[in-house]
Structures are given as C-alpha cells and as structure tokens.
C-alpha cells in the first residue's frame with residue numbers, strides 16, 4: 002500500500018459522517034425528482050392530464066369566484082364631445098365686448114346713439130339698465146339687459162355677473178363705459194389688436210381717487226382679470242360701501258388682480274378728454290383732434306346731448322377716411338417705386354395700382370367675356386335674345402358710371418371739354434377683381450365746339466366680403482305639402498300619394514299632405530258619385546295605416562266658378578287657392594306647394610326647411626323639367642325610371658313658379674297689404690271676384706305677390722333635387738292674352754332643346 006492510498010483512507014475515516022450524509026441526501030433527492038422520457042419541447046396537448054386530488058371542503062373556508070371577473074380594473078372611457086365650432090375647441094375668442102351702463106329714460110336717446118356709432122364696429126355690445134319687474138324698455142333695441150335690482154351702487158357688479166355667466170369664454174377684452182361717454186371705437190379696436198392677451202390688463206384713466214379707473218372714461222379689462230374678479234365677486238359686493246362706482250368697482254379690480262389703474266400697457270396708451278360746461282365743439286375739440294388725429298383721445302365725456310355723439314362720430318369718421326385715403330396713396334407710390342426691382346417678367350403693375358390683376362384663364366373656354374352696351378341696351382347673354390334693355394339696378398349702375406367718368410374728365414380738363422353723349426362701351430365682371438368698364442364718351446371743346454371721343458377705363462373693385470346674419474333655422478320644421486289637382490289628374494294624384502307615403506310617411510319624416518280638389522260647377526261631390534272618390538279613399542287608407550306616426554293625408558274641396566277650367570290657365574286662381582289653404586293652418590306652419598309630376602325627395606324638403614325663414618325669407622326653387630319623351634329619348638336611349646340631369650333630357654325652368662314655400666303668417670301679412678288690389682278669398686263664392694283682375698294679369702304666382710307687396714327676401718335658385726316629369730299643356734281658354742303667350746312659351750321651351758328640334762325639322766323636310 003503506497004503512501005497516497007494511506008493518506009486517502011485516513012482522510013475518509015476522519016470525514017466518514019460527511020460522506021455518508023452526502024450520499025444519503027443524493028439518494029433522497031433522486032427519489033423525489035420526476036423523470037421525463039419525452040422531448041422537452043412537447044406541447045401541452047401531449048401531456049397526460051393531472052391526477053385528481055381529493056378535496057376536503059369546509060363550510061367556513063372562504064371561496065373565490067373568478068368567473069366573469071376582469072383581471073384588470075376597467076376604466077370607463079370619457080366620451081369626447083366635439084364642440085360645434087372650431088374656435089371653441091381651439092380656444093379662439095372674439096376680440097372686444099362693449100358694455101354700456103345706461104338707464105331706461107335715456108335709452109331712446111343716448112343708447113340709440115351708442116348703438117349707431119359703436120355696434121357695427123365691435124364684436125358684441127350690450128346695454129345694461131335697471132328696470133322694475135314687469136316694466137318694458139321704451140325703445141326696441143337689440144342687446145338690452147335689464148336688472149330688477151334698482152340699487153345703482155350694485156349695477157357694475159350685476160354687469161360683471163352677467164358677463165361671467167354668458168360671455169366669459171367668448172372675448173379677450175371687455176370695455177365698460179357709461180352712456181355719457183363718446184368712444185372712438187376704431188382707435189379702441191386698433192389698441193386691443195396690438196395688446197398681447199398673455200398679460201393682465203386693467204386700462205383706463207385714473208379717477209380722483211388715484212388707484213381706481215374712472216367708469217366715465219371707460220375701463221378696459223382682459224379676460225384673465227374678469228376671471229379673477231368672478232372668484233371674488235361676493236367679497237366685492239360685501240365691501241360696496243362707497244357712493245362712487247369708480248371706488249367700488251375699482252376696489253374689486255385691485256383686490257382681485259392686484260393691478261392698479263394704468264393708462265399705458267405694452268407701449269400702448271389710452272387717452273380721454275373731459276368736457277367742461279363751457280366747451281365749444283367746433284373751436285375746442287375739433288381743432289385739437291384735427292391737429293394730430295393719431296394722438297386724439299379714445300373717449301370723450303361727459304356728453305349729455307346725444308346729437309353731440311353723432312357730430313363727433315361724423316367728424317372723426319371723416320378724419321379716419323382721410324387717413325386711410327392717404328395711406329392708400331402712399332402704398333401705391335411705393336408699389337410704383339419698387340416695381341422695377343422685380344424680375345423683368347413681373348414688371349407689370351396692375352391697374353388700379355394694388356388691386357387684383359384679374360382672372361387668368363387656363364384655356365379659351367374660361368375667358369371672361371366682355372358685354373357690349375349702349376345708352377339703353379346691352380348684348381344679351383341669352384341665346385334667344387340679341388339685345389336686352391336696361392332695367393332696375395343695372396340701369397342705375399350704368400348711368401352712375403357714365404356720369405362719374407364724364408365728371409372726372411371735365412374736372413381734369415378744367416372746363417375745356419364739355420360732355421355730350423355716351424357712344425358705346427363694354428363691361429365685364431371678374432369674380433376675382435370686380436366690375437370693369439370700357440366707355441367711349443363724346444366731348445366737345447368749349448372754344449372750337451369740335452367733338453372728341455375719349456375712351457375711359459373704369460374699375461369698381463370688390464369690397465370686403467361680409468357674412469349676412471340671418472335667423473337660425475333647423476331641419477326639424479314640419480312641411481305642409483299642398484297638392485292642387487283637378488278631375489283629370491286623379492290617376493296622377495293617387496300615384497303621387499303612394500310615392501309620398503313611401504318617401505315620407507314610412508320614414509316618419511315630419512310632413513303633412515293636403516290635396517286641394519278642384520270641382521267644376523256641375524261635378525258631383527258626394528258618396529260614390531264623387532269624381533274624387535278614389536282619391537279620398539286612398540287618402541283615408543294612408544291615414545289609417547300611418548296614424549300611429551301622427552302622419553296623415555287630408556283634402557280640401559273647392560268649387561270653381563263656371564268660367565274657370567284649369568289653374569294653369571288662371572294665375573289669379575292660384576292666389577284664391579292659397580287664400581283658402583292658408584286659413585286651414587296655424588300662423589307658424591311652413592307651407593310648400595307641389596305638383597303631381599314631381600319626384601319627391603327628402604333632400605329637397607330639407608332644403609325647403611333651411612331656405613324658408615319665418616318673417617325673413619320665402620323660397621321658390623327652379624325645377625329641372627323633363628323634355629318631351631319622344632324627343633328627348635332616342636331609340637338607343639330608353640326612358641329611365643329616374644330623371645337624369647342632362648341638357649338633352651330637360652332644362653331648368655326659370656318661368657316655373659308653381660313651387661313656392663313660405664310661412665302662413667308671412668302670407669297673411671302681405672295679403673292684407675294687397676287687399677285693395679286683389680280682394681281676399683274667404684269662401685268658394687269669392688273666387689269669381691278675384692278672377693276679375695286676372696284680365697289685366699296683375700299677379701302670376703304667390704311668389705310674385707311676396708315680391709310686390711312684402712319686404713321679405715325672395716330667394717330663387719336652381720334645385721337639382723326637384724325634378725318635374727313632362728306634362729301636356731293646353732293653352733286654350735285663357736282670358737288674358739299675356740297668360741296665353743306665357744303658356745305657349747312654356748310649352749315650346751319644354752318640348753326639347755334647339756338641337757333636337759332642329760334635327761326634327763330637318764328630318765321632316767327631308768321626308769317631304
């Protein structure tokens with residue numbers, strides 16, 4: 002036994018317990034370790050199901066039901082309501098709100114003066130008065146706000162409360178004045194446009210109390226200051242113990258914003274002039290303003306006489322106009338000086354200098370045409386007429402332009418030339434520039450009497466685009482359709498009612514249909530002998546079918562006099578029918594006249610709702626009328642179910658006034674004005690009296706009645722959703738020659754276009 006073996010055995014004897022423990026531990030661990038015979042990448046499906054382990058239940062052991070429970074707490078997503086206007090979402094506000102503190106007794110004088118000199122130049126103006134409950138202002142003025150609390154000491158805080166409740170999110174600056182103050186609102190607008198809204202603004206003229214601004218001279222506050230005052234409004238009311246509005250209101254501003262009154266901010270200064278009792282408007286104030294208009298005051302007070310406000314406004318407006326004219330002249334001179342510095346191809350200077358150069362047509366089909374004119378006529382743009390006589394505003398415009406050109410030339414020649422006559426000229430309207438004229442004027446020399454022809458070019462550029470304010474309307478109004486038919490249109494009427502039920506009644510559209518049945522003198526109207534028996538039965542069946550939707554079809558029977566055969570041949574009969582129909586509806590009803598040949602669409606009804614405005618506008622669309630089917634549709638092109646808008650299939654009929662929409666109370670108002678000329682129709686027996694003026698052809702439609710006797714806006718436009726199928730027109734039996742001519746004209750125009758008619762004529766000539 003060598004030495005190494007002896008050493009190993011001795012080491013084992015000394016560590017026999019350690020070795021035995023390690024071997025015993027390895028055996029125990031191998032016994033509890035599971036053995037896997039397969040590959041380690043086995044799928045879960047290949048594994049054997051686990052052995053069922055017996056469970057011991059305890060009635061007191063808590064149990065967890067995880068079925069149907071989310072693993073994570075679900076957060077309810079916040080619904081984003083998009084504002085109605087982009088400006089609201091982006092936080093864009095209007096610039097200036099003006100509040101006028103006035104009283105009921107001076108509202109008709111000073112309040113009206115403030116309205117006429119300020120309202121059209123600012124974003125919003127309101128007039129604040131104290132008025133007892135139940136009383137009304139003595140003048141009809143928009144924007145009057147009345148406070149029933151008649152304590153004058155709290156009036157500024159009522160104004161503040163009204164602003165924070167209604168206009169806090171709408172304006173950047175708020176300017177508060179009294180009715181004794183004249184404001185040069187043009188300078189005030191320029192001032193607020195130069196001030197950054199990122200800084201608190203408390204601007205005005207300090208009163209005799211030093212740190213507080215005077216309400217008499219006007220106080221300009223930023224939106225941020227108004228917000229701070231809103232949070233301290235209760236404190237301001239509790240600490241109102243002075244007799245002066247300047248002190249009470251100023252204390253509130255200083256307490257809320259820690260800003261004392263200042264007359265300058267961000268390099269902009271506000272000035273005001275105090276008038277004494279002995280001042281002279283022309284000598285004292287006009288002179289100081291005229292010397293340096295840029296340094297003139299923004300406000301002048303106190304102005305007790307409202308006529309002084311008008312005088313000041315007229316004088317300052319004239320100075321402002323002069324300043325603008327000088328500025329335009331300076332800019333034109335600068336354009337002429339710098340034009341040569343541009344590239345050679347861009348050296349041309351537009352005329353008038355600084356105006357738009359006009360439309361550059363991309364092709365020959367886009368050229369803006371010149372229209373030839375003389376002193377009384379101009380070339381017509383209609384294919385069936387060569388010359389058209391000047392009428393109305395067109396005549397006034399031409400006369401004004403000729404006079405302005407003649408006066409300008411006589412002034413430039415200082416009496417050496419005398420205007421004789423207008424020779425001829427041209428005019429052109431360019432939507433990107435305005436109206437251009439080229440006029441040839443004949444002048445005579447005052448000494449030699451020799452006649453000279455001067456060619457003058459005149460431009461009337463487009464002004465600033467303005468958005469006209471109209472009353473707010475929606476598509477929720479109920480439309481009352483009026484369909485007038487005679488005994489020869491029974492089948493068309495039933496077909497129209499079926500189409501109406503499918504289009505409107507099934508879709509629960511807010512409409513109502515009244516069928517006006519025109520009976521002849523001897524036509525039966527009772528029981529089954531009634532000429533309109535089938536029409537009435539169909540109306541009753543539709544009403545019964547859709548009665549749950551509160552949608553129904555009714556009729557109105559009218560007995561015509563013996564002299565009338567058709568409503569198309571008697572324009573005054575349309576007025577009589579309208580009189581009788583309007584009496585059946587409430588004043589707030591929207592009435593629309595329709596025809597049996599029309600294709601009824603919901604889009605058209607919605608446009609009627611939007612374009613017909615109560616006490617503001619009446620609507621008469623121009624329909625697309627189908628040509629004669631035998632002419633419009635060739636053998637290769639069959640007649641389709643839906644009328645397609647195509648120049649070969651029809652035309653927009655500008656002479657069709659059968660479709661008109663208005664509110665009942667608007668018609669009643671204008672009908673009273675026309676009673677002296679057209680007698681009112683209250684019953685069937687009155688129809689004969691209204692037909693007597695028809696021989697003079699006074700009125701052709703209800704739309705023309707609105708134009709002649711009403712002051713509402715008559716709106717007439719092309720309506721692609723209103724399509725009328727072709728119908729035969731019989732022009733015999735008219736009592737007026739003018740009506741007969743109009744009927745023949747309409748019948749001829751609706752046959753086909755000129756190309757189609759010319760082709761028929763050539764075919765006829767060739768066949769013969």
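Residue numbers (my numbering): 2 to 769. Just so it is clear, CB atoms sit at the ideal spot from N, CA and C, and this is done for glycine as well.
Item: Boundaries of the alpha helix (DSSP H) in which residue 214 is found, first to last residue; Value: Neither: residue 214 is in no alpha helix (DSSP H) and is coded neither H nor E.
Item: Best match in 436, 453, 578 for proximity to residue 422 [C-alpha to C-alpha]; Value: 453
Item: Range of the contiguous alpha helix (DSSP H) that encloses residue 417; Value: Looking at the DSSP string, residue 417 is not in any alpha helix (DSSP H), and its letter there is neither H nor E.
Item: Status (buried if at least 16 other CB within 10 Å, exposed otherwise) for residue 693; Value: exposed
Item: Sequence ranges, alpha helix (DSSP H) only - wholly within the segment 239 to 315, length at least 4; Value: 246 to 258, 288 to 292
Item: Under the three-state DSSP convention, the category residue 725 falls into; Value: strand
Item: Residue 493 - containing beta strand (DSSP E), residue span; Value: Per DSSP, residue 493 belongs to no beta strand (DSSP E); it is in the alpha helix (DSSP H), 491 to 501.
Item: Whole-Å CB distance - residue 475 paired with residue 536, under 8 Å assumed; Value: Not quite, the Cβ-Cβ distance comes to about 33 Å (not below 8 Å), so this is no contact.
Item: For residue 674 and residue 294, the rounded distance between their alpha carbons; Value: 51 Å
Item: Residue 22 - DSSP class collapsed to helix/strand/coil; Value: helix
Item: Anticipated Cβ contact below 8 Å, residue 1 with residue 724, distance rounded; Value: Here the chain covers residues 2 to 769 and nothing more, so residue 1 does not appear.
Item: Collapsed DSSP secondary structure at residue 165 in the structure displayed; Value: helix
Item: Residue 177 vs residue 112 beta-carbon contact at 7 Å; Value: no
Item: Status (buried if at least 16 other CB within 10 Å, exposed otherwise) for residue 428; Value: buried
Item: Selection from 526, 691, 575 that minimises the alpha carbon distance to residue 484; Value: 575
Item: The beta strand (DSSP E) enclosing residue 203, as first and last residue numbers; Value: 203 to 205
Item: Start-to-end residues for the beta strand (DSSP E) that takes in residue 127; Value: 125 to 131
Item: For residue 703 and residue 593, believed in contact at Cβ under 8 Å, the rounded distance; Value: In fact, because the Cβ distance is near 11 Å, the residues do not count as touching under 8 Å.
Item: Residue burial classification, residue 54 (beta-carbon count within 10 angstroms, cutoff 16); Value: Bear in mind that a pLDDT of 49 at residue 54, under 50, signals an unreliable position, so the number given afterwards is only what the model happens to contain. Exposed is the call here.
Item: Extent of the continuous alpha helix (DSSP H) run through residue 746; Value: 738 to 750
Item: For residue 542 and residue 498, the rounded distance between their alpha carbons; Value: 11 Å
Item: The alpha helix (DSSP H) enclosing residue 95, as first and last residue numbers; Value: It is not in any alpha helix (DSSP H) - residue 95 instead sits in the beta strand (DSSP E) that spans 95 to 102.
Item: Inter-residue spacing [alpha-carbon to alpha-carbon] between residue 363 and residue 431; Value: 15 Å
Item: Straight-line gap, residue 1 to residue 372 (C-alpha atoms, nearest Å); Value: For residue 1 there is no data in the structure shown, the boundaries of the chain being 2 and 769.
Item: Buried/exposed call for residue 769, threshold 16 Cβ in 10 Å; Value: exposed
Item: Stretch-stretch touch, CB-based, cutoff 8 Å, three pairs: the segment 180 to 190 with the segment 225 to 236; Value: no
Item: Three-state secondary structure (DSSP) of residue 426; Value: strand
Item: Coarse secondary structure for residue 364, derived from DSSP in three states; Value: coil
Item: Alpha carbon of residue 530 to alpha carbon of residue 482, nearest angstrom; Value: 27 Å
Item: CA-to-CA distance, residue 756 to residue 763, given in whole angstroms; Value: 11 Å
Item: Sequence-distant residues of its chain with Cβ nearer than 8 Å to residue 556 (five each side left out); Value: 515, 516, 517, 518, 533, 536, 537, 540
Item: Extent of the continuous alpha helix (DSSP H) to which residue 226 belongs; Value: 224 to 232
Item: Which listed residue (726, 23, 88) has its alpha carbon closest to that of residue 595; Value: 726
Item: Separation of residue 202 from residue 269, as counted between CA atoms; Value: 11 Å
Item: Close Cβ partners of residue 632 (< 8 Å) along its chain, the five nearest in sequence each way excluded; Value: 752, 753, 757, 758, 761
Item: Inter-residue spacing [alpha-carbon to alpha-carbon] between residue 478 and residue 550; Value: 16 Å
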